[in-house]
Each structure stands twice: as C-alpha cells, then as structure tokens.
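Peer 1:
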Amino acid sequence: MMNPFASRERRHRGQRLAVFLLGIAVVATIPVTALLAQGQRSPYTVVETGRSYQALQQAVNAIGEGTGTIRIEPGVYRDCAVQQAGDVGFVAQVPGKTTFDGAACEGKAAIVARGRSTTVEGLIFQNIRVPDANGSGIRLEHGNLTVRQSWFRDSEQGILSADDPTGAVLIEKSTFSRLGRCDRGLSCAHSVYFGDYGSVTIRRSRFEAGRGGHYVKSRAGRVEVTQSSFDDTAGKTTNYMIDLPAGATGRIADNVFVQGLDKENYSAFIAIAAEGKTHPSTGLAIVGNDARFAPGVSRSSAFVADWSGDKLALGANALGSGLSRFESR
Numbered sequence: 001m002m003n004p005f006a007s008r009e010r011r012h013r014g015q016r017l018a019v020f021l022l023g024i025a026v027v028a029t030i031p032v033t034a035l036l037a038q039g040q041r042s043p044y045t046v047v048e049t050g051r052s053y054q055a056l057q058q059a060v061n062a063i064g065e066g067t068g069t070i071r072i073e074p075g076v077y078r079d080c081a082v083q084q085a086g087d088v089g090f091v092a093q094v095p096g097k098t099t100f101d102g103a104a105c106e107g108k109a110a111i112v113a114r115g116r117s118t119t120v121e122g123l124i125f126q127n128i129r130v131p132d133a134n135g136s137g138i139r140l141e142h143g144n145l146t147v148r149q150s151w152f153r154d155s156e157q158g159i160l161s162a163d164d165p166t167g168a169v170l171i172e173k174s175t176f177s178r179l180g181r182c183d184r185g186l187s188c189a190h191s192v193y194f195g196d197y198g199s200v201t202i203r204r205s206r207f208e209a210g211r212g213g214h215y216v217k218s219r220a221g222r223v224e225v226t227q228s229s230f231d232d233t234a235g236k237t238t239n240y241m242i243d244l245p246a247g248a249t250g251r252i253a254d255n256v257f258v259q260g261l262d263k264e265n266y267s268a269f270i271a272i273a274a275e276g277k278t279h280p281s282t283g284l285a286i287v288g289n290d291a292r293f294a295p296g297v298s299r300s301s302a303f304v305a306d307w308s309g310d311k312l313a314l315g316a317n318a319l320g321s322g323l324s325r326f327e328s329r
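Printed below as a string of structure tokens:
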C-alpha cells in the first residue's frame, strides 16, 4: 500500500460552467497582531467554557481529550495548531473573514489533526509551503474530518491525509483554488489527497486552476463526489480531475468537468485503479455528469479510464466533442 507522504507520484504524458460557489466574499481583514495591539480580547474562544486564548494551540490544549469548539474572530492569522486528541471544532465567527496565512505546524499544515474528530467551518487557508513541498491547510493523520464552507488557496496542497481505514471525511460547500504541484523531483501534491481512509465524501464544492497533480486523489475504499465543479480552464500542468489510484466503490454524480489546455496528462478525466487494485470498484456509479473541453481546446480524451477490470456502473453522462465515454487500460 502506498503512503501519500512518501510515495513518488507516477507521472503521465500526455464553457460554460454550472458553478457551485462557496459563497465566501473576499474581504479586508486585519492581522491578529493588530487585534491584540488594540487591546481587544484574545481571538480564540472555547465556546463551552467561554475562555479566550491568544494562541490557537492554547485553545486546542484547553480542550485536550474532551469535546469543544473554538470560535475564531475575523482576522489574518499567522498561527497553527496540532490536535493530538479529542473532538475539536475550528469555526469562524463570521464565515469567510478568518484567514490562516502561511504558518505550518510540524512543517505540515495550519491544522494538524490526529484526534477523534476535527471540524472546520468558514475558514480560509492560504500561502502554505513547507520544505517537503506538501504544505497544506489541513494535514489529517487520524480520525474523522468535516470541512464546510471553507476556502483553500495558493498553497502546495489543500488537504492531505495519512491512512485511517476506520475514519470518514466529509467536505461540503468548499473551494480549492490554485493548489498542487509536481516539480523539483519531489512527490506531487494535489488539491486534495486522501490516503486509505474508510470513506471520502465531497459535495457541492469547487476545484479550480490547479497548479499540478490531480484535483481529487483518494485511496479510500469508498468515495462520493457529487454536485461539484472542476474548472481546469486556468490550470497549469495538471493531471486527472479525479484519481482513485487504488480503486473504490461509491458514486461520482451530477458534477461539471472542464479540462483546460495546459496539462501534464490529458488522457482521462477520471482514473480508476491506475496504481493497483487495493479496493474493488464493482458498482462504482458514474452518472449525470457534464464533461467537456474548455473553449479553444481541441483534443481527444477519455471521460473514464479504468485499470481495475471491474464492472463499473457507468450511466448517462453529457460529454463534449472529443471525449470518449470509457477506456479500459
């Protein structure tokens, strides 16, 4: 089984959008240092106790192995935290007005999560880069993760996980912009990359303008990607829209896919079991999607490329000119 932290990514050669927007406005914010200098109260408040803290790690430590929600005031925070245990929520007081900019704990991410469960709501993560080129908004190492109405942008990766076959991931109403890389002789990074998790569910989210790698890469045994948009029009040296390299069951439905011109690999939109068959893919439903090339792009590609040999449930999808429905590889 390949480890997403260590495995070397296999390289490959190679409009109209029904956009599901996040609803987060780009707003002017002030750095947390300015908030504190003005004598305002500490920006991180544990809702259950009412106690406030100046550092995110202090608030996480206060919850410890228990259950709690950290309410975060508007601002730009060059701060990060490691959740070692418990059930912790990181929630913006006003969605879209709280930004974590640049800082990464343990050389990994703004939030390193290895507790029982982690919830993130209404936050923006940006400009996160680390020496191993996997800088992420969230590094998920254990437990369940729920992300809602959040925005990941201009970093090496949005979300990266280790393996937890008992864990579940849910992403809703979130946007992933200008993420990924595949350079410097290092393993590729992606907009999101999940290891061998129990399940990964992505609903009503947007992926756009990737900077390398895949938009969604998941080794989970079960996946659901629905009502989301993949706009590769402004992508640069990108690969697949959805890569399930170890196979998976589940559902990919009611999404919009647009492939852009600047691709490292344009041979498929969705790839199944390209790196081996850890999980069966029998019954994986792919239906109700709209897929096409960006205006001015003329080439041939496969909507679904399958290495598993399993019987997929490939239903009706609206495909643009130059796209074949299915290829067995």
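In terms of the working numbering, the sequence shown opens at residue 1 and continues consecutively.
Ideal Cβ positions, reconstructed from N, Cα and C, are used throughout, including at glycine.
If you're wondering where the values come from, they're calculated on a predicted model, not measured in any experiment.
Please classify Asp232 as buried or exposed, where buried requires at least 16 other C-beta atoms within 10 Å of its C-beta.
Peer 2: buried
Peer 1: Helix, strand or coil for Ile128? Go by DSSP, reduced to three states.
Peer 2: coil
Peer 1: Between which two residues does the beta strand (DSSP E) containing Asn144 stretch?
Peer 2: 144 to 148
Peer 1: If you count every other CB in all the chains shown that lies within 10 Å of the CB of Pro74, and 16 or more means buried, which is it?
Peer 2: buried
Peer 1: DSSP three-state call for Ala305: helix, strand or coil?
Peer 2: strand
Peer 1: Please classify Pro131: is it buried, with 16 or more other beta-carbons within 10 angstroms of its beta-carbon, or exposed?
Peer 2: exposed
Peer 1: Which residues does DSSP pair with Ser199 in a beta bridge?
Peer 2: Ala168, Arg222
Peer 1: What are the start and end residues of the beta strand (DSSP E) that includes Val60?
Peer 2: Counting along the chain, Val60 falls outside any beta strand (DSSP E), though it belongs to the alpha helix (DSSP H) covering 56 to 63.
Peer 1: Under 6 Å Cβ to Cβ from Glu224, same chain only, skipping five residues before and after it: list those, please.
Peer 2: Thr201, Gly250, Arg251
Peer 1: By alpha-carbon positions, which one of Val120, Gln54, Ile171 ends up nearest to Pro95?
Peer 2: Val120
Peer 1: Which two residues bound the contiguous beta strand (DSSP E) that contains Arg329?
Peer 2: Per DSSP, Arg329 belongs to no beta strand (DSSP E) and is neither H nor E.
Peer 1: Is the Cβ-Cβ distance between Thr237 and Glu264 less than 8 Å?
Peer 2: yes
Peer 1: Is the separation between the beta-carbon of Pro165 and that of Tyr193 shorter than 8 Å?
Peer 2: no
Peer 1: Do Ile138 and Thr98 have their C-beta atoms within less than 8 Å of each other?
Peer 2: no
Peer 1: What would DSSP say about Gly135, mapped onto helix, strand or coil?
Peer 2: coil
Peer 1: For Lys217, list the residues DSSP reports as bridge partners.
Peer 2: Tyr193, Asp243
Peer 1: So the candidates are Glu65, Asn61, Ile70; which of them puts its Cα closest to the Cα of Gly50?
Peer 2: Selected option, being the one with the closest Cα: Ile70.
Peer 1: Measure the alpha-carbon distance for Gly180 versus Gln58 and round it to whole angstroms.
Peer 2: Rounded to the nearest angstrom, the two C-alpha atoms are 31 Å apart.
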